[in-house]
Each structure stands twice: as C-alpha cells, then as structure tokens.
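Comments concern the structure below.
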Amino acid sequence: MATVVLLTFTGLGLGALYFLVAAGLSLIFGLMDVLNFAHGALLSVGAYGAWWAASGHLPGAGSGGAGFALAVVFGTAVGTVAAVLLELAVIRPLYTRPREQILATVGVGLAVPALLSAIWGSDARPFPGPKALSGTFGLLGAEVPLDRPVLIGAALVVLTALKLFLGRTRHGLVVRAGVEDRAMVTALGIDVRRAFTLVFAIGGAAAALGGAVGGLYFGSVDPHQGTSLLIFAFVVVVTGGMGSLTGAALASVAVGLVQQFANYYTTAGLGDLAVVVLLAALLLVRPRGLTGRLA
Amino acid sequence: MTTATQPRGRARTANNPVATRSERLRRATRWWPALLLVVLLTVPYSALPLPGLLDGPIGSPGNLQLLALCLLFGGLATGYDLLLGRTGLLSFGHALYFAAGTYVTNTVMLEAGLPFAVSALSGLLAGAVLSALLGAVSLRASGIGFSMVTLAFAQAASILVQRDPGGVTGGEEGRAAPADRLPASLVGIEHTANLYWMALAYLVVVLVVVQWAVRSPTGRVWEGIKENERRVEVLGLRPYGFKLVAFVLAGTLAALGGIVYLLLTGGATPQTTTSDFTLSLLVMVVLGGSGTRWGPMIGGILYTWADQRLGDLAGSGAVASLPSVVRVPLSQPLFLLGALFVAVIYLLPGGVARLPARLRTARTSRAADREEVLQP
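Heads up: the sequence lines are chains A and B, in that order. The numbering used here numbers the first residue of the first sequence as 8 and each following residue consecutively. The numbering used here numbers the first residue of the second sequence as 8 and each following residue consecutively.
Structure representation (structure tokens):
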C-alpha cells in the first residue's frame, strides 16, 4: 500500500510537470500550428532563473520562505520574457512560412541549452529549495516527499487559471476561437497576432514555472532537463489531442502514472517505453488522440 | 558593366552559333558530377594542403576520417530528405534507424559471433523491418502528429539503449566493434583510405537510389503528397502506402549509413540514438536546401565539417584569450550551429543549393532595372 501511495504521488508529480510544459505547447500548437521545439528551452530558462535568484544573486530572494517564492516568481518572469522575445524575434518574422517557424524553434532549442551550459557548465547544479519542502509527510504508511503535492498544486493552479482565463475573459475567448478556427477569427477583423504573443507568454510562464518547481522535484538544474521533459510533453500533447487543454491534463496524469508504475514494477526504463507503446496503441485505435481533435 | 552583360544577353537569343556553343558547353558541364567523383576518388593519394579548411594535407588519416564522415553525413542527409523534401514528412525519429544499423550489426557480431557480412545484413534488415513497423504506426497520425510520434519512438529506443538492457548495448559508453571480426582491410589507421572510399560509395549509392526513386512513378506520387495530400486521395490513390514506402526506403538507407558509421568510428555510441542526432540531420537538410538534388548532400558535408572545425576552434588558444562575452558562446559548437541554423532559415530560404539561382535572379532583375533606366 505504502509503495502504491508513493508511486501515485510521484507519478502525479511528474504528470504535473508534464502538464506545465504541455499546456503551453498544446495552446501554441492549437492556435498557430507551430510545434515549439524551444519550449523545453523556456523551461530551462525558468529553472535557471529561479536557481540563480534562489542562490542569493537577487536581493530579497533566497532559499527559504518568501525569498523562495520571489525566486520562483523571478524565474517565471524570466521565462515569460524569453517566450515573448522568442515570438517577436523568431516566430513573427516567419509568419507566412509555417514549416520554417518550426525549424527556427529547433535552432533556438539547440542554441539555448548550449548557451546555458556555456555560462553555468553542463553539469547539474544543486537546486536550493526551502528546508520546509525538503521533508516528507506520512500518508497511509508511506513517507511522501513534500515537493510532490507542491508540484501537483502548481499544476492545478495553472489549469484552473487557464480555464478561467480561456472561459471568462475576452482575450481567452479570442484564443479559444483562434484555436478552433484561426481563419474565421482573422476574417472577423480580430488581430490574432496579439493573441499569438499572449499565448506564447502564457505558455512560457507555465513552462518556466514548471522549470522552477521541477528544480524542487529533481533537486538540481541542468541545461538539458527541459529538452528531456519536452519529449514526454510531446507524447502528452499527442495523446491528449492537440490543442486541447483538458486532454493534455488527462494525458499528463496518465503518462506520469504509467511511467512510474511500470518503472517500479518492471525494470527501470521500461516505463518510458510503456508510455510510448501506450501512445502507439492509442493512435492505432484513435488517430486523433483522446479528445478526438484534429491532429 | 552594362556593356559587358547586355550583348551577352542578346546573343543568347538572337545569335544562333553562339547559342549552340552555349548548348554544347551545357552538355559538357552536365558531366561535372562524374568529374567530381573522380576527384573525390583520388583524394587519398593527394597531399595537397587546404589551409583553414583542413589541418595538414588532405590525404592524412585524420583528414580522411573527417572527409569520410562528411561524405557519410552527406549521404545520410540525402536519404533523410526523401522524407522531408520529397514527400513532405517531417520525421523526428530518423536517428533510430541509423542507430539500428549500427547497434544491430555490432551486437550480432559481439553476441552471436557471426562474421561481419552476415551481421551487416541483419543490421540492414533490422532497419527495414523497424521502419516498416514503426512507420506503419506513425503514419496513422498526420502532419505534426506524425512528427511527434516518430520522436516518441526514437526517444523510447534511445532510453532503452542508454539503460543497457542485459548488457547488450553498453549503456552510456556504447560498445566498440570487435576488430577481429571485421574485414582486415577496414581496420586500422593505415586503411583509412578504404573507409573513405566506402563512405564515398555510400554517398553515391544513396544519391543514385534517391534520384531513381524520385523519378519513378512512386516518386511522382510523393511529390503530389508533398504538394497536396487531399488531391492525391481524390485521384484515387491511398497516400498511406506511398508514404510508408518512402519511410521504409529512407529508414533502410539510414541503417546502411549506420553500418558505414560503425566501421568508420569503430563502435556504437548512444549519441547516435538521441533526438539531437535527428535534429542535426534536419539542420543539414535545411542548411543545404531541402527537396533539391544536391542540397542535402552539401548541407551534410558543410555541417559535419563545421561541427568538427568549430570544436577545434572552441578549444583553441585564440578563443580562450577572448573576452568572456564572446568566448562563452564560441565555446559551444551547438550554440553556433543553432544560431547559424536560425540565420539560414531567415536569410537563405531554400538553403545553400538555391543560393546561385537566387543570386542570378537578383542580378538579372538588377540588370533589367538598369536597362529600364538606360533605355529612355
């Protein structure tokens, strides 16, 4: 029982991380048809931003209490700025060349981790998390690390905020309509390009937050963390049905849990394979993913 | 300048003998690939130094090794472009089939103790079967979904290789090829020339196969799928089967490249299974010019050469003495390549292969502008 509880929490924590990456990825893809290969780089930027601030480089920020919260906010802000810059400088000039947009993000996705490892070295750096979050709590006989609920909480907050934003605000309406039918929204005279930048900012913020709390989960930051998470986020996005936020949430929970349980009950590494086999099986039955949206 | 260009332009259309002469010239220059091949074949005998481009004389074993890698990746990129540039399929998992060629061949030699020829055949077969199976599944998804699924498969294989199941793959270290099982003429520094010729042969094989396939009726359907898949369906053809043929052919060519790579580097390394490896193929193709006959080859050669030389540059003393703002990015070849890639996408749509045509149009339009100004 204890093992099952621990595995469930670990799986959900990992799923939360996947969701934070996949949410922005899915929205950007749904709205712009751009598969953002630089999304993992945004996560790394957020992680390094939070790490840099929490290591005492930012006045007021630190590894404990409010200082840590400030560090996370700082990391998220840096990631958001990076995402907006990416959209304005790389994506927007290639507006009429969709495939080249993807290729350009591939270039950025290669360059940014390389730059990070040039500045801070390619080895993992220990992440200074608050003492209060480094402990465990007892639940049904299991000792669950405290960072797991924090991750799940962060993902739930982002999911709720995105749902509210998309469902209740005018900007959200534009984004939702754009995901549904970009041509129609443009024809109605709405500037979809502003929605593009907005979605990039949201996606960047979510990914960067993922990087900051991912530092807690892994206990360290390294330049290639983002890229390795990105691939499972891709799996999540395809499984969930592209452009669908609910699908991404469901799929990230499924992927996280399957991965953890399979890794524990079979040999290590088989969980990662199981996730991909699951994806293949799903595609054979439903080529458009769980929620049945167009791929 | 105008007096020099104008009569020539007029002569081509009005003056008949000159036109036939240029025709004859064009017919003669059509054989330049054969000439280039002869030059490339004689490279191991040459001691000509290419300062800046290479370290020392061309024919030295180190340079031959680098040139062989360049040719190998030129071929690999050409095969990959069968998907990207010819059929319009953006696969992110091509590394898997390359690595299948390398790993299966090596593992069969090491574990089953079979001779190289049999092992290479099994490696090639593994690449074909794997690409048929995984392609059949991936092609169920279309567009970007396909890209992501191929990526997921390749990533799963990469993780599997790095976890070293049963000690077969050697994990992070990879495994060296057993020198005693390889043909003696392909082992050792004194036989680098043979390896070079093998890489050249691989490039020629890929170029011929791709060119032949693209011109075949199937190749025309590929072109149709690339332009507009729906229209191909309307014509009564099922794109799925044609796409699968392209996928398997590209996968098999990649596996063949993997076998050449095994001989060239003397072992299997997990780096060849990673998504970065596929991405570097993508960079090569786009850099050179996707969908053109020579573009991917040029891209593969340029990329491999730049990758190698940038690594040397990053480690050199001249870079170490630069101020940190310049030195830090320069120390990462991947950063330079990524930035270069983005720059190529912006500044050179169509890649290096389209550059001459673009320059020509730019010059003729400028000449036309000037003529317009001069005429009245």
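Ideal placement from N, C-alpha and C gives every residue a C-beta, glycine not left out.
On the three-state DSSP scale, how would you describe residue i?
i: A:F144; result: strand
i: A:R132; result: strand
i: B:R188; result: coil
i: A:S259; result: helix
i: A:V41; result: coil
i: A:A302; result: Confidence at A:A302 is low in this model, with a pLDDT of 36, below 50, so its placement is unreliable and the value that follows should be read with caution. Coil at A:A302, not helix or strand.
i: B:A374; result: helix
i: B:R365; result: helix
i: B:P277; result: helix
i: B:P64; result: strand
i: B:G16; result: The predicted position of B:G16 is uncertain, since its pLDDT is 43 and thus under 50; a value taken from the coordinates is nonetheless stated next. Reduced to three states, the DSSP call for B:G16 is helix.
i: B:V215; result: helix
i: A:A219; result: helix
i: B:S400; result: Outside the displayed span of chain B (8 to 383) sits residue 400 of chain B, for which this structure offers no information.
i: A:A213; result: helix
i: B:G194; result: The sequence shown places Val at residue 194 of chain B, not Gly. The answer is coil: DSSP assigns B:V194 none of H, G, I, E or B.
i: B:A208; result: helix
i: B:R300; result: coil
i: A:R200; result: helix
i: B:T9; result: Caution applies to B:T9, whose pLDDT of 41 falls short of 50 and renders its modelled position unreliable; the value that the coordinates give is listed next. Reduced to three states, the DSSP call for B:T9 is helix.
i: B:R147; result: coil
i: B:R222; result: helix
i: A:T253; result: helix
Between which two residues does the alpha helix (DSSP H) harbouring residue i extend?
i: A:V151; result: No alpha helix (DSSP H) contains A:V151, which is instead part of the beta strand (DSSP E) from A149 to P152.
i: A:L277; result: L277 to V292
i: B:N113; result: H101 to T114
i: B:Q72; result: P68 to D88
i: B:D171; result: Careful: B:D171 lies outside any alpha helix (DSSP H) and carries neither H nor E.
i: A:Q232; result: Q232 to G247
i: B:P246; result: P246 to T272
i: A:P317; result: Coverage of chain A is limited to positions 8 through 302, which leaves residue 317 of chain A absent and any answer about it impossible.
i: B:E240; result: E236 to V241
i: A:G74; result: G72 to L93
i: B:N283; result: Checking the displayed sequence, the identity of residue 283 of chain B turns out to be Asp instead of Asn. Run containing B:D283: S282 to G295, per the alpha helix (DSSP H) assignment.
i: A:H178; result: R177 to E187
i: B:T49; result: W39 to T49
i: A:Y55; result: H46 to W59
i: B:I352; result: P340 to L354
Do residue i and residue j have their C-beta atoms within less than 8 Å of each other?
i: B:I352; j: A:L146; result: no
i: A:G18; j: A:L264; result: yes
i: B:D88; j: B:S297; result: yes
i: A:L180; j: A:T246; result: no
i: B:V168; j: B:T311; result: no
i: B:A133; j: B:V111; result: yes
i: A:D229; j: B:I166; result: no
i: B:A208; j: B:L256; result: no
i: B:L309; j: B:G295; result: yes
i: A:A9; j: A:A255; result: no
i: B:G108; j: B:G357; result: no
i: B:L270; j: B:L189; result: yes
i: A:P135; j: A:A61; result: yes
i: A:V292; j: A:G250; result: no
i: A:Y224; j: A:L163; result: no
i: B:S126; j: B:T259; result: no
i: B:A206; j: B:V115; result: no
i: A:L38; j: A:R132; result: no
Please confirm if residue i has its CB atom under 8 Å from at least one CB of chain D.
i: A:L280; result: Of the protein chains in the structure, A and B, none is chain D.
Is residue i near the ligand PLP - that is, is its Cβ less than 7 Å away from at least one heavy atom of it?
i: B:T285; result: Ligands are entirely absent from the displayed structure, and the ligand PLP is therefore not among its contents.
Q | Contact set between the region 300-321 of chain B and chain A, restricted to residues whose Cβ is under 8 Å from the partner | A | none
**Q.** Given 8 Å, three or more beta-carbon pairs between the region 158-171 of chain A and the region 233-251 of chain A
**A.** no
Q. Given a limit of 7 Å on CB to CB distance, which residues of the region 139-166 of chain B reach chain A?
A. V144, R147, A148, S149, G150, I151, G152, S154, M155, V156, L158, A159, F160, Q162, A163 and I166
Q) What residues from the region 91-117 of chain A come within 8 Å of chain B, judged by C-beta to C-beta, listed N to C? A) V97, P100, L101, R104, R106, E107, I109, L110, A111, V113, G114, V115, G116 and L117
Q.
Using a Cβ distance threshold of 8 Å, determine whether the region 282-289 of chain B contacts the region 95-102 of chain B, with at least three qualifying pairs required.
A. yes
Q.
Beta carbons nearer than 9 Å to chain B: which residues of the region 240-255 of chain A have them?
A. F241, V242, V244, V245 and M249
Q: Decide if the region 84-95 of chain A is in contact with the region 41-55 of chain A; the criterion is three or more beta carbon pairs, one per stretch, under 8 Å apart.
A: yes
(Q) For the region 228-249 of chain B, list every residue whose C-beta sits within 7 Å of some C-beta in chain A, in sequence order. (A) none
Q. Can you list, in chain order, the residues of the region 281-297 of chain A whose Cβ is nearer than 7 Å to any Cβ on chain B?
A. V283, L286, A287, L290, L291 and P294
Q) Are the region 297-306 of chain B and the region 143-154 of chain B touching by the rule of at least three beta carbon pairs closer than 8 Å? A) no
Q: Would you list, in chain order, the members of the region 124-148 of chain A that have their beta-carbon closer than 7 Å to a beta-carbon of chain B?
A: S124, A125 and I126
Q) Does the region 201-213 of chain A come close enough to the region 245-253 of chain B to have 3 or more Cβ pairs within less than 8 Å? A) no
**Q.** Contact residues within the region 273-294 of chain B, judged by C-beta distance below 9 Å to chain A
**A.** S282, D283, L286, S287, L289, V290 and V293
Q.
I want to know whether the region 100-108 of chain A touches the region 71-80 of chain A - three or more CB-CB distances under 8 Å.
A. no
Q) Relative to chain B, which residues along the region 204-228 of chain A have a C-beta separation below 7 Å, given in chain order? A) none
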